[in-house]
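Residue numbers (the numbering used here): 7 to 1264.
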């Protein structure tokens, strides 16, 4: 890399070689990507689902039982109830296998799935135990009778009986001992590529090559029916978080506090609770008392005063209620605000009365007795209200405390002591990845599966049949349920397709390697795209380092579809029990024992939103828990947030939190390790170990790696919420400067010799310490923005435009493109790595799989053919192969089964016995009906010949004769394309039917109209191509490949485009790559000086000579290499014209679209122009004569289109009017005729009269 800085000042001054340099930071970043890869968030989430979640979901529905009342007696004994039980046990998931139609099985590899349109899935087996117990009535022996029973027995002589459960013979077990207790196959789980269940997860690069896989492919997607599907992360608001919002006035209430309460493992139950503080002037409900607070409860119709809910929860006295809400008894303002709430509920002073009050307002409580109402209210409070705290008995105290906490937060906001919450804070959002998404789906599927098993058991019992477990389990419920959602993207039950979220699963974009990676790291916010709200779309402060600020689509989805930053990762969720146990050992008081009056200032401890206790010494507790996390005793992904102002310590360990790694700064001197306070915990020794890792063999015990750094406490993961409690320094150099300044050293600012050096951020005098340090600021960007050189020198929307265009650039999408049969693929002939590179590119494998070429670019006006974003290109360069590309398109077909035993066949159809042959030529087909590789084909040629048998009874609309026994079902080449057959694959699909894929190859040569772009959003199309002799040349005889217009620069402010050109020029002259990483100390001056040293004008200008005349051009021209991309929009794929062609059946107007040879739309605005011009004849021609002209006969008496016209006999008659003479022939558009007839269907008669008819319209 080019070395621009002149050494670090402090190293000379203090001679400290232990300082961490930017190069060390890059070593750390490198170890992160070596360990994690770029799609680890997808793979980790799926692994967690497969290893733990599936078992948990099965356990949730593991116990199935069915009671049979009064069954037939067995062994002469009467049975009261017979209970059949099935218990679902442990699951096993093997690696993907295929069971062929000839009943052989083999391991299934991803390559084979793509080729044969199979689904890459693993079988799931569940252990199932069956048991039958019988409830038998038996007499009680004399010595076991109690006194009352003995008296009864003595009086009547009848023995008293009791019910006893005992195990009965298990008729549900199969008689075959090999099948007994064996695991049952319940269906197939689609497997994510490169996850633990995938065959590729343990392969080395060389092995991947042998398996026809590209070693650079990162995985993280599924293969469903041969197509690659990616699950887009879905953004949602976090559950179990109290948020207070101010209501826009006028509104009956001024503030609301909301919580969406859900059980930890993404459960079915989501229950919302809302507190409402009524406005001052609102005297409607409860307003007579002043500003009261009401709450909603699930399954309760009306809002309830909070005091009543407190009493129903067992907090009866006024004083206790106040203690639960207001922790400080001296806070008279808050107590005064609570006065109306207490007064309002004055008439209800008892718990039972309060429960009855709630019960009366329940949803289905009309006509219930008081006891049942009270029980219903108890159930609501126990099961439905705040279920995340607990759903068990005796949780009322904790729920009362939590409700009090919610009221406290609401009043704090109302009193102006704290701000209302921000809905768009990224810390309060969660991302659902593959794990939670599949869990949501799998829960419903398991429920359906268990219902089916129970139904089958019931049928067997009723019909007295033998129950067999493998007959009861329907594996297709699981297999098809998962497959349907992944294949269509409708996330939910197939029967309820309308209510499910669409677009969760998408076809993986394989245009360029960067577009694939970007697609795997995309997130979506499921909000209506046409909403007027701007806030959810805007970039938020909390997105820093987690979401790419540049990469988002333009238009509808702008700001709703986001992409993750490079080093961002997402939590998978961990258990909370060990943390609670640890806290209790560290003197945490559990909530049940908390007395607010005694400790008004205790810090509340929350775990995943649930208040679990209080602590007197939060500082030491937080420090201890942090130490646990840094020593890896609790998972690194747990986030610890100490809110000093609100006296809260929040711990989150749930799934879907977005986190990023940061360097930890030492807070105390540590003489053992020789680390001073205020320096990084990272040492040079650790960096050396990371460098040594590169030389170690795979799987070595000495491997240190990224995980080693995390275990040592050098790196800490922070999420958006915890980040707000940390002080983060931008670079290790800044940290060192800060430390030296605090120690009293005088640090010189070295801005003297370079006038254009980046201005360093001034040190904030109020900062007294830093807790963390950024690893490198360029990790803020996402995949596509990391390819841009110097993005920090561009106007921000230009980076957004390039992020979108970088996905459309041609290059190599994978190295195994020749083995793959993708629907479409574009491959650049000679891709080059850029001369101006960023350090992030090496992790995106952009050097290995580039998408563009270094073109020599001049910025000049030359001949006028590069106006308005068009470019002039050198035809001689094009002839030598500049930007030339290959285009592949695959066509596939299968012999489908029609009915039971008739199958379509691949063959060369003949006109003699085949109906409906297509226009194209069949001559290029071989006898087996498939074209051979190497044959040149053009539009409409048949490339796969296939016939389908005709049923002998079918008439086929009168075309069929006796000899016609088949119908043509061949596949022609697209009419607009031509090329050479590249490869043909003949195989069988999952059903054992023959399957053919044919790939056609075309060479695309740049021509006028093709689109190109630099990496700065500077896009343009070719306006003209000049041969080399017509292009301007420099004194060295160099001609440019591309000439762009100078007007493209000033208004767009893409300064990086110019710096890249300058840097690339230096890099070419020095024979090395130029480093264009953002946020580094490269200045234009430093690059200019290097250029001057090589004998060129320092700012990149050169004297040029006119190509036609040879005269010197008046101005100097900015000239140098710039990396250009060829984009997928090519004029050959867009050219379209039509004179005549197909029309729609309904309206008889031309069809739409190039693929269908459609017409060009003459729309409303074009019509308005013609009216404004007064071009009436032209209007009539466009909208009528060349569109849908139609003649129709109307009756001059009734004005309807009723006449029956027999044109051959020239007789016309309107039968309702008995009119044969007064009939007119008119010309109207067919669409108008259709409209009139549709109006008639709605009983609206639109009558048309000609001048001749003499009818006057009033």
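C-beta atoms are modelled at their ideal positions from N, C-alpha and C, and glycine is treated no differently.
Whole-number beta carbon distance between residue 240 and residue 606, since they are thought to touch under 8 angstroms: The beta-carbon separation of residue 606 and residue 240, rounded to 42 angstroms, does not stay under the 8 angstroms limit for a contact.
Proximity winner among 266, 275 and 299, relative to residue 281 (alpha-carbon distances): 299
Cβ pair count under 8 angstroms reaching 3, the region 1095-1109 against the region 1056-1070: yes
Sequence-distant residues of the same chain with beta carbon closer than 7 angstroms to residue 957, five excluded per side: none
Own chain partners of residue 173 with C-beta closer than 6 angstroms, once the 5 adjacent residues on each side are dropped: 139
Where residue 1144 sits in the DSSP three-state scheme: coil
Under 8 angstroms between C-beta atoms of residue 401 and residue 418: no
Three-state secondary structure (DSSP) of residue 709: coil
Cβ pair residue 896, residue 1005 closer than 8 angstroms: Their beta carbons are under 8 angstroms apart, which means residue 896 touches residue 1005 by this criterion.
CA-to-CA distance, residue 537 to residue 1251, given in whole angstroms: 41 angstroms
Local conformation of residue 221 per DSSP, three classes: Coil, per DSSP.
Three-state secondary structure (DSSP) of residue 733: coil
Boundaries (first-last residue) of the beta strand (DSSP E) holding residue 300: Counting along the chain, the unbroken beta strand (DSSP E) around residue 300 starts and ends at 299-301.
Span of the beta strand (DSSP E) around residue 137: 127-145
For residue 836 and residue 664, the rounded distance between their alpha carbons: 39 angstroms
Three-way DSSP call (helix, strand, coil) for residue 246 in this model: The answer is coil: DSSP assigns residue 246 none of H, G, I, E or B.
Same chain, Cβ closer than 8 angstroms to residue 292, five either side skipped, listed in chain order: Here the model assigns residue 292 a pLDDT of 45, short of 50, so the residue's position is not dependable, and the following value carries that caveat. Here the set comprises 284, 298, 300, 311, 346 and 350.
Alpha-carbon to alpha-carbon, residue 337 and residue 343: Straight through space, the alpha carbons of residue 337 and residue 343 are spaced by roughly 10 angstroms.
Beta-carbon separation (whole angstroms), residue 1018 vs residue 877, contact threshold 8 angstroms: 6 angstroms
Contact set for residue 989: own chain, Cβ-Cβ below 7 angstroms, skip 5 residues either direction: 939 and 1005
Residue 617, buried or exposed, once every other Cβ within 10 Å from all chains shown has been counted against 16: buried
Presumed contact (8 angstroms Cβ cut-off) between residue 142 and residue 86, rounded CB distance: With a Cβ gap of about 7 angstroms, residue 142 and residue 86 count as contacting.
Which residues DSSP lists as bridging residue 1125, in chain order: BP columns for residue 1125 point to 864.
Any alpha helix (DSSP H) of 4 or more consecutive residues that is wholly inside the region 296-378: 312-318, 324-331, 338-350 and 357-366
Nearest neighbour of residue 1230, chosen from 1215, 1199, 1211 and 820 [CA to CA]: 1199
Segments assigned beta strand (DSSP E), at least 3 residues, entirely inside the region 52-95: 69-75
Beta-bridge partners of residue 617, as assigned by DSSP: 612
Beta strand (DSSP E) runs wholly inside the region 631-712, at least 3 long, in chain order: For the region 631-712, whole beta strand (DSSP E) runs of length 3 or above, ordered along the chain, are 645-649, 654-658 and 664-670.
8 angstroms contact criterion, which residue 786 and residue 551 should meet: CB distance rounded: 5 angstroms
Residue environment, residue 771, which counts as buried when at least 16 other CB atoms sit within 10 Å: exposed
Nearest neighbour of residue 887, chosen from 920, 902, 833 and 934 [CA to CA]: 833
Three-state class that DSSP yields for residue 1000 in the structure shown: strand
DSSP three-state assignment for residue 550, whether helix, strand or coil: In the displayed model, residue 550 falls within coil according to three-state DSSP, outside both helix and strand.
Buried versus exposed call for residue 574 [16 or more other C-beta atoms within 10 Å across all chains shown]: buried
Cβ-based neighbour list, residue 251, same chain, cut-off 6 angstroms, excluding 5 preceding and 5 following: 262 and 426
Beta carbon of residue 481 nearer than 8 angstroms to that of residue 193: yes
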